[in-house]
Each structure stands twice: as structure tokens, then as C-alpha cells.
Amino acid sequence: MTQRSLQSESELNRVPGLVWFFCQAFLLLGVFCWVALRMRGFLAEGILGPDFALIHQAYDLFFATLPLVLSVLTVGFAAGSLCFRVGRWRGFLIPLLTGFLTLDLVVLRYYVTHVEPERLVVRYHEFEAPKLSGPLRIVHLTDTHIPYWDAYAYRVFETIRELEPDLILHTGDYMHTLPGGDFRADWAELIRVLSTLDPKYGIFGVFGDTDFAIHQLPMEARGPLVLLSSTDYLLETAVGVIHLHGLNLNQSREPEWGHRSIRAWLENSPDPAFRILMGHAPDVAMGLEDAPIDLILAGHTHGGQVRLPFYGPLVIDSEVPRAWARGFRSIGRPHL
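Counting from 9, one number per residue, gives the positions in the sequence shown under my numbering.
Here it is in C-alpha cells:
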């Protein structure tokens with residue numbers, strides 16, 4: 009056999025391998041296009057509204073359906089490459105890629121489902137308040153959304169106890185009982201746990217988006233938790249007078265409504281008092297840059313929940329500047 013005929017046979021043997029390689033690439037490109045179209049559909053339907061039903065569908069797409077599809081492709085691509093005897097690196101390049109993506113999504117699913125949500129972080133902020141004659145330790149927590157009582161939920165409140173706060177302030181969304189759960193039992197456990205904290209000056213809160221069921225409970229079921237809804241509370245402490253004002257949910261979301269309640273509160277607030285405004289949503293803080301308020305506490309934005317490098321939060325469900333979605337800052341006279 010001549011050298012030219014050997015070369016021709018080798019080239020012919022290469023043809024099925026090249027066809028298979030391009031078939032793999034085409035199938036993988038089809039999967040990526042399908043995912044892109046699904047995400048385009050989610051965006052068009054308002055997933056960043058946020059629409060939590062669409063968010064759950066996106067979660068299932070990326071962390072259930074897509075890993076399954078990629079794992080099937082990985083096995084199929086590897087088997088095909090062996091059958092067609094494609095060259096070492098070229099034959100297994102795409103199976104290696106799909107296998108890596110499958111593993112990556114499985115690990116990411118575990119992280120976003122079981123690791124990050126239970127990574128408890130306490131953030132300390134210190135600022136000088138001339139109206140107070142000494143230190144006052146406030147623990148602010150919000151959007152606990154407790155679905156059920158597990159080790160992590162208890163760890164949150166054990167951490168609060170270890171902080172030895174003088175005052176505990178919660179800005180709403182206490183529970184988020186899952187279908188089939190027992191809200192009354194879960195709420196009773198929350199009150200029992202709160203009763204063990206015993207801060208010097210009490211526990212106060214406002215209503216959030218998921219707290220409508222609390223209104224169906226008798227007042228005594230609130231235990232040590234004082235819920236403020238368009239009402240204020242004057243605290244006499246060893247370091248000075250603290251004047252709390254809590255907004256109802258709509259007042260915190262609609263500044264025009266909230267500012268009416270705030271003006272009435274300020275008109276009757278004693279001048280030397282350290283004033284703390286509480287609302288579930290931070291929207292009410294807009295337009296209060298010159299208000300004689302010392303501290304504004306809010307939640308609702310979840311810090312953006314999902315934040316991209318160099319971009320910040322994807323969703324804050326609020327009209328405030330994106331930089332306000334989390335953290336502690338001066339917005340004028342008040343700190344937010």
C-alpha cells in the first residue's frame with residue numbers, strides 16, 4: 009500500500025470523529041440557547057419584580073433540570089467518543105466540559121441551599137449619639153422568615169443572647185410557615201424563645217409582608233414583643249430618653265403616607281429624645297434627609313439577596329437607591 013493511500017484511509021477514518029465532535033457542539037449549543045430563551049421568558053414575565061413563583065422555576069431550571077440534562081449529555085458524549093474513536097483530547101473535550109458544568113451546578117446548588125442561608129454573620133456598627141449619656145447596645149434583626157424551627161433558627165437567637173443587647177428591634181417578616189406547617193405553634197415557639205432573651209429595655213417590632221396571620225392572634229400571644237403600627241413608644245433608660253415610632257406596612261412602602269405619621273410623631277416628641285424610626289421597607293427614608301431623626305431601621309430588601317460583582321443587587325423590591333439595599337449609612341441627619 010502506498011503512502012498516499014495510507015494517508016487517504018487515515019483521513020477517511022477521521023471523518024466520523026469530526027462529525028461526532030460537531031454534533032456534540034451543536035447539541036450543547038442547543039442546550040445553552042434553550043436556557044437563554046427560558047431566562048428571557050422569565051425576565052419578560054417579571055422575575056425581577058420580584059415574582060417568587062418565577063424565581064422558584066428559575067431555581068429548578070438551573071439546579072435540577074439543567075444538571076440532569078448535562079449529566080445525560082456527558083454520558084452520551086463520552087460513549088459516542090469511544091465508539092467513534094475520536095482523538096484523545098478532541099473526543100473528550102466536550103464531555104469534560106459538560107461534566108464540569110454538571111458538577112459545578114450540583115456544588116452551587118448545595119451552597120445556595122444549605123451553606124449560604126445558614127452562614128450567620130453579625131455586623132457591628134458604632135456611632136456617637138450626643139443625646140445619650142452612655143453606651144446603648146441595640147440588636148436589629150429583620151426578615152427572619154422562619155419556615156420552621158431547626159438548629160439554625162435556635163442558633164440565631166442564642167447568638168443574640170450572647171450579644172447581651174439593651175434593646176432588640178425587629179423590622180418585620182418574622183415567620184414564613186410552609187404549606188402544611190402550623191403557624192400558631194411556630195409563633196408560640198418564637199415568643200417562648202424571645203422571652204428567654206430578656207433585654208434591659210424590651211423587644212419592639214413592626215409588621216412586615218408575611219405577618220398578616222399575627223393579627224388573628226390574641227394580644228397576649230405576642231408575649232414580650234411590642235408591635236408598633238403607626239404608633240410610638242417612649243422609653244426612659246439610664247442613658248437618656250428613647251422615642252420609638254413604628255410604621256405600618258403601607259406607611260413604610262409609601263413615603264407620602266409614612267411622612268404624615270412621622271410628622272405627627274415628631275410634633276409630640278420631647279426635644280432631647282433619641283428618636284428611632286422603624287418600618288419594614290426602607291422607602292419611607294426617602295425625603296427624610298433633614299428630619300430630626302437619629303436612627304431609621306428597615307428591612308425588606310434582604311440586602312439584595314443575590315448580588316453580582318461590580319453590579320450589586322439584582323432585586324431590592326424598593327424605590328430606594330441600590331446602595332441603600334443593605335448596610336449602615338448617614339443619609340443626612342438620620343442614620344439608616
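For each residue, glycine too, the CB sits at the ideal point set by N, CA and C.
Check                                                                                                                  : Outcome
Entirely enclosed alpha helix (DSSP H) segments - the region 188 to 267, minimum 4 residues                            : 191 to 203, 257 to 261
Where glutamate 341 sits in the DSSP three-state scheme                                                                : Reading off the sequence, residue 341 comes out as arginine, not glutamate. The answer is coil: DSSP assigns arginine 341 none of H, G, I, E or B.
DSSP beta-bridge partners of methionine 47                                                                             : According to DSSP, methionine 47 bridges with nothing at all.
Proximity of isoleucine 211 and proline 232 at Cβ, strictly below 8 Å                                                  : yes
Aspartate 240 beta carbon less than 8 Å from that of lysine 208                                                        : no
Supposed contact pair proline 75 and leucine 113 - C-beta distance, whole angstroms, cut 8 Å                           : 4 Å
Those residues which DSSP pairs with phenylalanine 282 across a bridge                                                 : Ile250
Close Cβ partners of asparagine 21 (< 6 Å) along its chain, the five nearest in sequence each way excluded             : Low confidence applies here, because asparagine 21 scores a pLDDT of 49, under 50, leaving its location unreliable and the question unanswered by this model.
Strand pairing of methionine 294, partner residues [DSSP]                                                              : For methionine 294, which the question treats as bridged, DSSP gives no partner whatsoever.
Reference valine 129, options Phe50, Leu257, Gly311, Ala44, closest by Cα                                              : Gly311
Other residues of its chain near glutamate 134: CB distance less than 7 Å, five sequence neighbours each side excluded : none
Proximity to phenylalanine 336 [Cα-Cα], best of Ser79, Cys41, Tyr132, Thr106                                           : Tyr132
For glycine 88 and tryptophan 28, believed in contact at Cβ under 8 Å, the rounded distance                            : 6 Å
Inter-residue spacing [alpha-carbon to alpha-carbon] between leucine 269 and aspartate 279                             : The residue you asked about is not leucine; residue 269 is serine in the sequence shown. Going from the Cα of serine 269 to the Cα of aspartate 279 covers about 18 Å.
DSSP state of arginine 127 mapped onto helix, strand, coil                                                             : coil
Cβ pair count under 8 Å reaching 3, the region 261 to 275 against the region 222 to 229                                : no
Valine 147: first and last residue of the uninterrupted beta strand (DSSP E) it sits in                                : 146 to 149
Residue range of the unbroken alpha helix (DSSP H) whose run includes histidine 64                                     : 60 to 68
Same chain, Cβ closer than 7 Å to leucine 35, five either side skipped, listed in chain order                          : Leu81
Own chain, CB closer than 6 Å to leucine 257, minus 5 neighbours either side, in chain order                           : Phe215, His288
Inter-residue CB distance, alanine 86 and proline 58 (contact presumed, cutoff 8 Å)                                    : Rounded, the Cβ-Cβ distance is 39 Å, inconsistent with contact.
Inter-residue spacing [alpha-carbon to alpha-carbon] between histidine 308 and leucine 255                             : 14 Å
As assigned by DSSP and simplified to three states, the class of arginine 315                                          : strand
Three-state secondary structure (DSSP) of leucine 20                                                                   : Legend: pLDDT at leucine 20 = 41, less than 50; position of this residue unreliable, value from coordinates given subsequently. Three-state DSSP puts leucine 20 in a helix.
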